[in-house]
């Protein structure tokens, strides 16, 4: 390996090639959307072989989250991948080591990601942060819920529902209308669906007769009831406080690594990042995967 650096505009298509090799289950439609709307060359850290070939990438996406009631600028890590022929050579670990000083230079106080392997990221200094109930829900608990009326997806209404739903929690992304416009576009791609009622919404991917709910906010019982009426199986990510209600198991959803302790704990009343993160974990919630 010769170099780890932010890619150039001229290398953007090559980063797409790496993504396709690393995530073969993603459709070309989704990849085109992601590279057009979700990322950019200045966010992609690339690893290059000694002959200059791009062989691995990490997407360092700027986000703002609510952390213990205060907005904090963090780096959401996505698209961590090494081309299959170059795996198990320490390339991903080397990219992360190169990424940390860059994150600090860019003003991020923490890094958050959704782990594919908790142990791997713990070795890189991340720790579990957000837990969620993830799995097939017990639709029997929805049998007595009246079937709600469906409304057309509306970014303004979704933002209002999201903000109200997230208010008791911490660790969630601070969003705007444009964010929900992007999500509505993303979940209008093939194999995806958005459902919305007057007081809830859900973004789902459909596999046969199963609805996989990636995000649901508001009165989530209503949106899950609607989906249960359409599909034979509903798998969902729900806040841990709903885990027992819907019969799903708690799992690690997001992990965090402190990048700048002083900035992270500023105005929180805590003297160390470890204390602040430990307290935040009690009410942490996020839907973000990339």
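In the numbering used here, the protein residues as written are -8 to 281. Backbone N, C-alpha and C fix where the C-beta goes; we use that ideal spot for every residue, glycine too.
C-beta atoms of residue i and residue j nearer than 9 Å
| i | j | result |
| --- | --- | --- |
| residue 109 | residue 277 | no |
| residue 106 | residue 245 | yes |
| residue 24 | residue 176 | yes |
| residue 259 | residue 61 | yes |
| residue 72 | residue 83 | yes |
| residue 31 | residue 65 | no |
| residue 257 | residue 160 | no |
| residue 93 | residue -3 | yes |
| residue 104 | residue 69 | yes |
| residue 139 | residue 213 | yes |
| residue 124 | residue 229 | yes |
| residue 271 | residue 126 | no |
Nearest residue (CA-CA) to residue i, options the options
| i | options | result |
| --- | --- | --- |
| residue 164 | 52, 114, 44 and 269 | 52 |
| residue 112 | 87, 38, 179 and 100 | 87 |
| residue 191 | 167, 268, 185 and 211 | 211 |
| residue 22 | 180, 269 and 261 | 180 |
| residue 221 | 269, 41, 185 and 19 | 185 |
| residue 45 | 63, 136, 4 and 275 | 4 |
| residue 172 | 95, 20, 18 and 143 | 143 |
Local Cβ density within 10 Å of residue i, reported as buried at 16 or more and exposed below that
| i | result |
| --- | --- |
| residue 134 | exposed |
| residue 206 | buried |
| residue 263 | exposed |
| residue 28 | exposed |
| residue 301 | Because the chain spans -8 through 281 in this model, residue 301 falls outside it and cannot be assessed. |
| residue 225 | buried |
| residue 284 | Look at the range of the chain in this structure, -8 to 281, and you will see that residue 284 is not part of it. |
| residue 178 | buried |
Residues bridged to residue i (per DSSP)
| i | result |
| --- | --- |
| residue -4 | 37 |
| residue 64 | 55 |
| residue 245 | 121 |
| residue 270 | Answer is none; residue 270 lacks a bridge partner. |
| residue 72 | 48 |
| residue 183 | 196 |
| residue 164 | 56 |
As assigned by DSSP and simplified to three states, the class of residue i
| i | result |
| --- | --- |
| residue 198 | strand |
| residue 190 | coil |
| residue 240 | strand |
| residue 263 | coil |
| residue 230 | strand |
| residue 141 | coil |
| residue 126 | strand |
| residue 209 | strand |
| residue 218 | helix |
Heavy atom of the ligand MN within 8 Å of residue i beta-carbon
| i | result |
| --- | --- |
| residue 176 | The ligand MN is absent from the structure shown, which contains no ligands of any kind. |
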